[in-house]
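Under our numbering, the very last position in the sequence shown is 846; numbers go up by exactly one each time.
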Amino acid sequence: MLKVTLNSIGDGVVTTNNEGQITYLNQAAQIISGWNQEEAYLKPFGEAFDLRNSMSGKMVPNPIKKVLKTGRTIELADDTVLLNKQGDLIKFIYK
């Protein structure tokens with residue numbers, strides 16, 4: 752039931768283990784990132800999700816490392832984009 756719920760969410764959902772390795776991508780996350788579940792499984796989050804500053808193009812620090820270290824929710828800056836597997840820049844839509 753959990754898998755059905757996560758796959759029905761229109762937003763990308765990514766889960767990791769305590770080392771920051773990807774354990775699950777829902778369908779939306781697979782479409783956005785360009786990685787399928789099998790390819791992404793146990794990849795470090797930062798390897799599959801190349802987050803960048805849209806203005807400078809510089810890499811953004813891996814948010815998963817910070818969350819795992821602090822145990823707190825964090826928000827990405829408004830100018831954060833994802834460079835997906837195909838090389839496309841994907842802008843995050845904040846609600």
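We put the CB at the ideal spot given by N, CA and C, even for glycine.
| Query | Result |
| --- | --- |
| Which residue's Cα is closest to the Cα of Val765: Phe796, Lys842, Ala828? | Phe796 |
| Taking the alpha helix (DSSP H) that Leu819 belongs to, which residues open and close that run? | 814 to 821 |
| Between Ile825 and Lys817, which are expected to be in contact by the criterion C-beta below 8 Å, what is the C-beta distance as a whole number of angstroms? | 6 Å |
| Between Gly761 and Ala780, is the Cβ-Cβ spacing less than 8 Å? | no |
| Decide if Ala799 is buried, meaning its Cβ has at least 16 other Cβ atoms within 10 Å, or exposed. | buried |
| Does Gln837 come out as helix, strand or coil in the three-state DSSP assignment? | coil |
| Let me know if Ala791 comes out buried or exposed under the rule of 16 or more other beta-carbons within 10 Å of its beta-carbon. | buried |
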